[in-house]
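Asker: Can you keep this structure in mind? I'll have questions shortly.
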Amino acid sequence: MRKVTNAITVDVEDWFHICDIETILPPSQWDRCESRVEKNVIKILEILSKNRVFGTFFVLGYVAERLPEVIKMIAEEGHEIASHGFGHIQIYKMTPDEFEGDLTRSKRVIQEVVGGEIFGYRAPEWSIRKGTRNSLWALPILALNGFRYDSSIAPLRIIGIPNAPRKPYTIRTDHGKIEEFPPLVKNTLVGNVPVGGGWGLRVFPYRMIRRSIGELNGRGMPAVIFLHPSEFDPDPPKIPLPMVKRFVCRGKIKSTEERVERLLGDFPFGAIREIYGGSP
Ligand SMILES: [Zn+2]
-7 MRKVTNAITV DVEDWFHICD IETILPPSQW DRCESRVEKN VIKILEILSK NRVFGTFFVL
53 GYVAERLPEV IKMIAEEGHE IASHGFGHIQ IYKMTPDEFE GDLTRSKRVI QEVVGGEIFG
113 YRAPEWSIRK GTRNSLWALP ILALNGFRYD SSIAPLRIIG IPNAPRKPYT IRTDHGKIEE
173 FPPLVKNTLV GNVPVGGGWG LRVFPYRMIR RSIGELNGRG MPAVIFLHPS EFDPDPPKIP
233 LPMVKRFVCR GKIKSTEERV ERLLGDFPFG AIREIYGGSP
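Given below as structure tokens:
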């Protein structure tokens, strides 16, 4: 069987970049919060370097502006840098103009820090959706602004488009093509469940995650794994999160590192730019 390279990705954001907690911690207070990104990113870089793997780091523009040296360090180690937007706002909460402003601001700040072009994007909380939260209009805006791939459509119920493809696919827009890289999900009797990152990667049995990747790879398709620096932090500052958010952000948090190590040992991994087909 042909070896398929899977994608290992990291959303470079701080412990307080959690969607829908504006009433608990509004963005106006972010500058006063202790940043925990650097030491957690260093942990991730050590794990990747030990396994000789390069990954894709979707950097939040806010973090690139506040901690440019951290983003430089990631780029200097040879990893791919992409955008996670600027202000960590779900796309469907913005107008197309506001989205374009957030997107281009992140691109400008990140490119200035790394001194090179970026062409990948991932929205906060998989927020390219259909239906009442329709934000498919974001795709042509991405193409118009020089982005060539996206990783913002989760094939999931609540936080995605449930019937979206589970493997990478091409989306044609009026401004050009976008390659879409969905996060790994497992198809079950109750629909797709998230196993490629977050609480799903930490909580579901490892053999289930392994099988999901094996199934995709067996069809010649890569799996996309996603991580957050705060998942490598045993003791982040405490905020009073609602129960579901607490579980999503912190449930079984200690298993992240072990899971990632096992995955890197069991499958070949790389950055999305490698899977995309080399340099654009
Ligand atoms: Zn995020």
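Take the sequence shown: its position 83, counting from 1, is numbered 75 in the working numbering, and each next residue is one higher. Each residue gets a CB set at the ideal place from its N, CA and C atoms; glycine is no exception. Please read these numbers as outputs of a predicted model, since none were measured by experiment.
Buried or exposed for Thr1, going by 16 or more other Cβ atoms inside 10 Å?
Answerer: Flag for Thr1 reads buried.
Asker: Put Val185 into one of helix, strand or coil per three-state DSSP.
Answerer: Here Val185 sits in strand by DSSP.
Asker: What is the DSSP secondary structure of Thr1, counted as helix, strand or coil?
Answerer: Note: Thr1 maps to strand in three-state DSSP.
Asker: Could you check whether Pro214 and Ala(-1) sit closer than 8 angstroms to each other, using their CB atoms as the reference points?
Answerer: It is a contact, given that the beta carbons lie within the stated cut-off.
Asker: Taking Val101 and Ala56 to be in contact with their CB atoms under 8 angstroms, please state how far apart those CB atoms are, rounded to whole angstroms.
Answerer: About 5 angstroms separates the two Cβ atoms, so the contact holds.
Asker: Please list the terminal residues of the continuous alpha helix (DSSP H) segment that includes Leu219.
Answerer: Segment Val216 to Leu219 is the beta strand (DSSP E) holding Leu219; no alpha helix (DSSP H) there.
Asker: Give me the residue from Ile36, Gly79 and Arg44 with the minimum Cα distance to Ile18.
Answerer: Reading off the sequence shown, one finds Pro at residue 18, where the question assumed Ile. Checked all of Ile36, Gly79 and Arg44; the closest Cα to Pro18 is Gly79.
Asker: Report the start-end ranges of each alpha helix (DSSP H) in the stretch -3 to 55 that is 4 residues or longer and not cut off at the edges.
Answerer: You should have 29 to 42.
Asker: In whole angstroms, what is the alpha-carbon distance linking Ile217 and Gly188?
Answerer: Answer to the nearest angstrom: the Cα atoms are 5 angstroms apart.
Asker: If we ignore side chains and look at the alpha-carbon of each, how far apart do Trp7 and Pro228 end up?
Answerer: The straight-line gap from Cα to Cα measures roughly 7 angstroms.
Asker: Can you give, in chain order, each stretch of the alpha helix (DSSP H) that sits fully within the stretch 97 to 163 and has at least 4 residues?
Answerer: Segments of the alpha helix (DSSP H) lying fully in the stretch 97 to 163: 130 to 136.
Asker: By the three-class DSSP mapping on this structure, what secondary structure does Ile81 have?
Answerer: Coil at Ile81, not helix or strand.
Asker: With three or more beta-carbon pairs closer than 8 angstroms as the criterion, would you say the stretch 132 to 141 touches the stretch 167 to 180?
Answerer: They touch, by the three-pair rule.
Asker: Let me know if Leu283 comes out buried or exposed under the rule of 16 or more other beta-carbons within 10 Å of its beta-carbon.
Answerer: Outside the shown range of the chain (-7 to 272) lies residue 283, about which nothing can therefore be said.
Asker: Can you give me the C-alpha to C-alpha distance between Gly212 and Pro174, rounded to a whole angstrom?
Answerer: Cα-Cα distance, rounded: 15 angstroms.
Asker: Please report the distance separating the alpha-carbon of Thr299 from that of Phe139.
Answerer: Past the edges of the chain, shown from -7 to 272, lies residue 299, and the structure says nothing about it.
Asker: Using alpha carbons as the reference points, say which of Pro157, Ile150, Arg251 and Pro226 lies closest to Leu208.
Answerer: Comparing Cα positions, the closest option is Pro157.
Asker: Check this for me: beta carbons of Ile83 and Lys99, under 8 angstroms apart or not?
Answerer: In this structure, Lys99 does not lie closer than 8 angstroms to Ile83 by Cβ.
Asker: Among Ile16, Ser222, Arg203 and Asp142, which one has its Cα closest to the Cα of Val29?
Answerer: The shortest C-alpha separation from Val29 is found at Ser222.
Asker: Buried or exposed: where does Phe239 fall if 16 or more other Cβ atoms within 10 Å of its Cβ makes it buried?
Answerer: The residue in question, Phe239, is exposed, as its Cβ has fewer than 16 Cβ neighbours within 10 Å.
Asker: Report all residues from its chain with a CB closer than 6 angstroms to the CB of Pro302; omit the five preceding and five following residues, and keep chain order.
Answerer: Residue 302 lies beyond the range of the chain shown here (-7 to 272); nothing can be said about it.
Asker: Are the beta-carbon atoms belonging to Arg194 and Arg251 less than 8 angstroms from one another?
Answerer: For Arg194 and Arg251, yes; Cβs fall inside 8 angstroms.
Asker: Whose C-alpha, out of Ile81, Gly77 and Ile39, is nearest the C-alpha of Ile66?
Answerer: It is Ile39 whose Cα lies nearest to the Cα of Ile66.
Asker: Can you give the Cα-Cα distance for Phe91 and Ile81, rounded to whole angstroms?
Answerer: Their backbone Cα atoms lie some 9 angstroms apart in a straight line.
Asker: Which residues have a Cβ closer than 5 angstroms to any heavy atom of ligand 1, listed in chain order?
Answerer: Output, sorted by chain position: Asp3, Glu5 and Pro116.
Asker: Grab me the residues of Leu128's own chain with a C-beta within less than 7 angstroms of its C-beta, minus the 5 sequence neighbours each way, in chain order.
Answerer: Around Leu128: Ile120 and Lys122.
Asker: What did DSSP end up calling Ile73 once you bin it into helix, strand or coil?
Answerer: Three-state DSSP puts Ile73 in a strand.
Asker: Between the Cα of Lys246 and those of Arg265, Ala263, Asp94 and Pro226, spot the shortest distance and give me the residue it belongs to.
Answerer: Out of Arg265, Ala263, Asp94 and Pro226, Pro226 has the C-alpha closest to the C-alpha of Lys246.
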